[in-house]
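Each step along the sequence shown adds one to the number in the working numbering, with nothing skipped, and position 98 is 98. Just so it is clear, CB atoms sit at the ideal spot from N, CA and C, and this is done for glycine as well.
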Amino acid sequence: MMSDKTYLRIGLIAASAFFSGIVTAAPQNGIGVYLGVIGATQNNGVDSSGLSLGVDAQFVLNDDWSVAPYLMISSERDNASHTVSDGLAGVSLRRWFGEWFAGPQVFEHDLIVMSNGTVNSSAYGLSGGLVAGFEYANGWGAEAQADLFESTMSAKGVQRNALRLHLTYRWH
């Protein structure tokens, strides 16, 4: 589990990014990187939290829309002291409002739960969610990504919801 100091540091970094680039920008093509935290819960009472890391390639459709295929992975600990790894391969459609954006996403996920080096369970499947955030002309930004209803084909009836908060940077 992350300490309160870690959350405070991440908040300060996000605030610095927010106030450092107050320049309105249209979306731009480029490669982006994401670093942040994740909190997840399953309908069977299992909660987890940890770090999230990702990359994307944004393609601008026009001044109002872009599409961003992405890869993301998280490393988490659950409330039963298991290690949880969740990998995503997906695409988000972003509607832009100046430097702010919001939109839907769809992704394939692969979840592995381990304890003492042994795989306890795995789950995979197609899912969707929402993404919202901002990105300034200098490349810095932040986003919130809600991974909703990660249903599993290998563990019927188990669903996972996750919230990822990322500090982002895009090379144009």
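query                                                                                                                                                       : result
Under a Cβ-count criterion, where at least 16 other Cβ atoms within 10 Å of its own Cβ denotes burial, should residue 113 be classed as buried or exposed?  : buried
Would you kindly work out how many angstroms separate the C-alpha atoms of residue 49 and residue 78, rounded to a whole number?                            : 7 Å
What is the C-beta distance between residue 70 and residue 56, in whole angstroms, given that I count them as a contact (C-beta under 8 Å)?                 : 4 Å
Three or more C-beta pairs under 8 Å: does that hold for the region 105–122 against the region 132–141?                                                     : no
Just to check my reading of the structure: residue 35 and residue 167 have Cβ atoms closer than 8 Å, yes? What is that Cβ distance to the nearest angstrom? : 6 Å
In chain order, what are the residue ranges of uninterrupted beta strand (DSSP E) at least 3 long that sit wholly in the region 101–148?                    : 118–135
Tell me whether residue 47 is buried or exposed, calling it buried when 16 or more other Cβ atoms sit within 10 Å of its Cβ.                                : exposed
Helix, strand or coil: which one does DSSP assign to residue 69?                                                                                            : strand
Would you list the one or two residues that DSSP bridges to residue 46?                                                                                     : DSSP output for residue 46 lists no bridge partner at all.
Just curious, the beta strand (DSSP E) that residue 28 is in, first and last residue?                                                                       : No beta strand (DSSP E) contains residue 28, which DSSP labels as neither H nor E.
Residue 85 lies in the beta strand (DSSP E); which residues open and close that run?                                                                        : 83–97
Is any non-hydrogen atom of the ligand COA found closer than 6 Å to the C-beta of residue 52, if you look at the structure I gave you?                      : Looking at this structure, you won't find the ligand COA or any other ligand, since it has none at all.
Strictly by DSSP, which residues pair up with residue 78?                                                                                                   : 48
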